[in-house]
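Here the structure is laid out as C-alpha cells; the discussion comes afterwards.
Number of protein chains: 2
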Amino acid sequence: MTETAPKPRRRGRPRGGSDARERILAAAADEFGAHGYDAATMRAIAARADVDAALVHHYFGTKADLFAASVGMPLRPDRAVPLILAGPRDEVGAGIVRFVLEQMEDPGTRKRAVALLRTSIGNRMATPLLAEFLQRELIGRIAKSLGAPDAELRASLVGSQIAGLLMARYIVKLPALAGASIDDLVARVGPTVQRYLDD
Amino acid sequence: MTETAPKPRRRGRPRGGSDARERILAAAADEFGAHGYDAATMRAIAARADVDAALVHHYFGTKADLFAASVGMPLRPDRAVPLILAGPRDEVGAGIVRFVLEQMEDPGTRKRAVALLRTSIGNRMATPLLAEFLQRELIGRIAKSLGAPDAELRASLVGSQIAGLLMARYIVKLPALAGASIDDLVARVGPTVQRYLDD
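If you read the sequences in order, they're chains A and B.
Going by the UniProt record's numbering, the first residue of the first sequence is number 1, and it counts up by one from there.
Going by the UniProt record's numbering, the first residue of the second sequence is number 1, and it counts up by one from there.
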C-alpha cells in the first residue's frame, strides 16, 4: 500500500517505523475482531502494534476513524449525519436518501460498500462488529440529536430502510429499483425516512 | 432425512425408488445453481435426478415449491401475498408487516430465514438465484395485482423495507428494533408499506 507522510505536529512524531501504519491496521483488525467495537481500545491496539497510542491517533484520528479504515468503510455515515441533521428539518428524510444514493454513484465507493455489506451480513463473526459500530456511532448519535423517548427506535427504523434500499438496489438488484433514478427514489423513500424521524 | 410417503394418486406413482426425493432435491440445487431460477426447468431437474417429470410435480408441486424446498425457505411470501392482498385495501401495509413478523416468532422459522438471508447476501453465487425467485414469484405477482405503471417499483420498495427490517431486527439486532413489540412495529412500518403501494 502507498501512503502519504503524516503531517508533522508540534510535539514531533511518536516513534513508529516505516511500517507502523500497516501494523496499526492489522492490530486494529485483530483487536476489533477479538473484543468488538465497544470494548476495543486505542491503547490496546497501540500495544498490539507496538507503537505509542499517540501514533495511532496521529495516523487515524478517533476510534471510529480507525475502525472505518480497518474494515475499508467507503462511506462515513457517522460523519455525514450531523451535517444532514443541521439542514432544514422537513427535508432531512430526502437529504439522507439523496446523500447515500449519490455517494453510491461512485463505482469505487459502491464496490467497497457492497463488499462490506456482503461480509457483514454473510459472516456471522463480522455482523456484531458492524452492529456495534452502527449502534454507537450512528443510531446513538441520531437518537441523541432527536431527543424523543423513542428516538433510538426511530433512528433504527431509518437504518433498516436505508440498508434495505442499498441491498435491494445494489446487491439483489431488483430490476425496478436498480433502474430507478435517484430523484425518483428520493421522492419515494425520503418521506418514509422523514416519517420515522418525525411522526 | 425422514419423510412421509407421498399420497397415492389415481394414475399410480411414477417410478422413482426410495431415494428419489433426495435425488430430486440434489438435482434441483444443481440445476438452479447452474442455470438460475428462471431458466431451470422441472424437466431438466427430473432428467438430472433420473426420474419422471411427473414424480417431481408429485413430490414437490410447482417450480416455486421445489425451489423453496431446495433452499430450505421457511416462509413462502409468494403464497402469502394473494391472501394479504385479498384483505381490506387500506390494511394491506399493516397486514404484510404483521404476517412477516408473526412468522418470525417461531424459532425454527427464524433460524432458517436468518441462514437463508445470510447466504443470499453473503454469497455472490447465491444472490442472483434468490433475486430471480423474488422478482418472478413475489415482486411480479404483487405488481400484476396492483396494475399501476410503476407497480414493479412500488412492490420492490415494499421488499426493500421488509428485507431491511428483517436484517436490522434479526441479523444485525439493533437493540431498539430487536426489542420492539410486533404491534409497535406494525404501527410504525405498516404505513410505509401502505404508502409505497398506494400513494
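Glycine included, each C-beta is placed from N, C-alpha and C at the ideal position.
Here the structure is a predicted model, which means the values were calculated and not measured.
Environment of residue i [buried if 16+ CB atoms lie within 10 Å]
i              : result
residue 152(B) : buried
residue 154(B) : buried
residue 83(A)  : exposed
residue 125(A) : exposed
residue 188(A) : buried
residue 63(B)  : buried
residue 18(B)  : exposed
residue 77(A)  : buried
residue 41(B)  : exposed
residue 176(B) : buried
residue 181(A) : exposed
residue 20(A)  : buried
residue 34(B)  : exposed
residue 31(A)  : buried
residue 143(B) : buried
residue 46(A)  : buried
residue 39(A)  : exposed
residue 148(B) : exposed
Run of the alpha helix (DSSP H) containing residue i, from where it starts to where it stops
i              : result
residue 149(B) : Careful: residue 149(B) lies outside any alpha helix (DSSP H) and carries neither H nor E.
residue 183(B) : 182 to 198
residue 103(A) : 92 to 103
residue 23(A)  : 20 to 39
residue 111(A) : 107 to 122
residue 171(A) : From DSSP, residue 171(A) is part of no alpha helix (DSSP H); its letter is neither H nor E.
residue 64(A)  : 63 to 71
residue 42(A)  : 42 to 49
residue 134(B) : First-last for residue 134(B): undefined, no H or E at that position.
residue 54(A)  : 53 to 60
residue 82(A)  : 77 to 85
Reference residue i, options the options, closest by Cα
i              : options                        : result
residue 157(B) : 130(A), 164(A), 157(A)         : 164(A)
residue 117(A) : 175(A), 142(A), 168(A), 147(A) : 168(A)
residue 127(B) : 121(A), 90(A), 128(A), 125(A)  : 121(A)
residue 22(B)  : 59(B), 34(B), 39(B), 44(B)     : 59(B)
residue 119(B) : 130(B), 109(B), 110(B)         : 130(B)
residue 101(B) : 179(B), 87(B), 138(B), 196(B)  : 179(B)
residue 173(B) : 48(A), 20(A), 112(A), 160(A)   : 160(A)
residue 194(B) : 146(B), 71(B), 175(B)          : 146(B)
residue 103(B) : 80(B), 32(B), 89(B), 150(B)    : 80(B)
residue 185(A) : 170(B), 48(B), 150(B), 191(B)  : 150(B)
residue 141(B) : 31(B), 37(B), 170(B), 85(B)    : 85(B)
residue 199(A) : 191(B), 197(B), 198(B)         : 191(B)
residue 109(A) : 183(A), 87(A), 75(A)           : 75(A)
residue 197(B) : 44(B), 89(B), 105(B)           : 89(B)
residue 72(A)  : 111(A), 166(A), 138(A), 91(A)  : 111(A)
residue 36(A)  : 114(A), 70(A), 107(A)          : 70(A)
residue 171(A) : 138(A), 99(A), 113(A), 123(A)  : 113(A)
residue 166(A) : 115(A), 138(A), 123(A), 139(A) : 115(A)
residue 138(B) : 61(B), 68(B), 57(B), 44(B)     : 68(B)
Short CB-CB distance (under 8 Å) between residue i and chain C
i              : result
residue 194(B) : Absence of chain C from the displayed structure is noted, the protein chains being A and B.
Check: residue i C-beta below 7 Å from any heavy atom of the ligand GDP
i             : result
residue 65(B) : The ligand content of the structure shown is nil, which means the ligand GDP is not present either.
Does the contact criterion of 3 or more C-beta pairs under 8 Å hold for the stretch 130 to 139 of chain A versus the stretch 16 to 33 of chain B? no
In chain order, what residues of the stretch 138 to 159 of chain A put their CB closer than 7 Å to some CB of chain B? 139, 152, 153, 156, 157, 159
Check whether the stretch 91 to 102 of chain A touches the stretch 50 to 64 of chain A, taking contact to mean three or more Cβ pairs, one atom from each stretch, closer than 8 Å. no
Near-chain A residues of the stretch 162 to 190 of chain B - C-beta to any C-beta below 8 Å: Hits within the stretch, in order: 162, 163, 164, 165, 167, 168, 169, 171, 172, 173, 174, 175, 176, 177, 180, 184, 188, 189.
Can you pull out the residues from the stretch 109 to 123 of chain B whose beta carbon lies closer than 9 Å to at least one beta carbon of chain A? The residues in question are 117, 118, 119, 120, 121, 122, 123.
Positions along the stretch 91 to 111 of chain A whose CB lies within less than 8 Å of some CB in chain B: none
Residues within the UniProt domain "HTH tetR-type" (18 to 78) of chain B neighbouring chain A, beta-carbon criterion of under 7 Å: none
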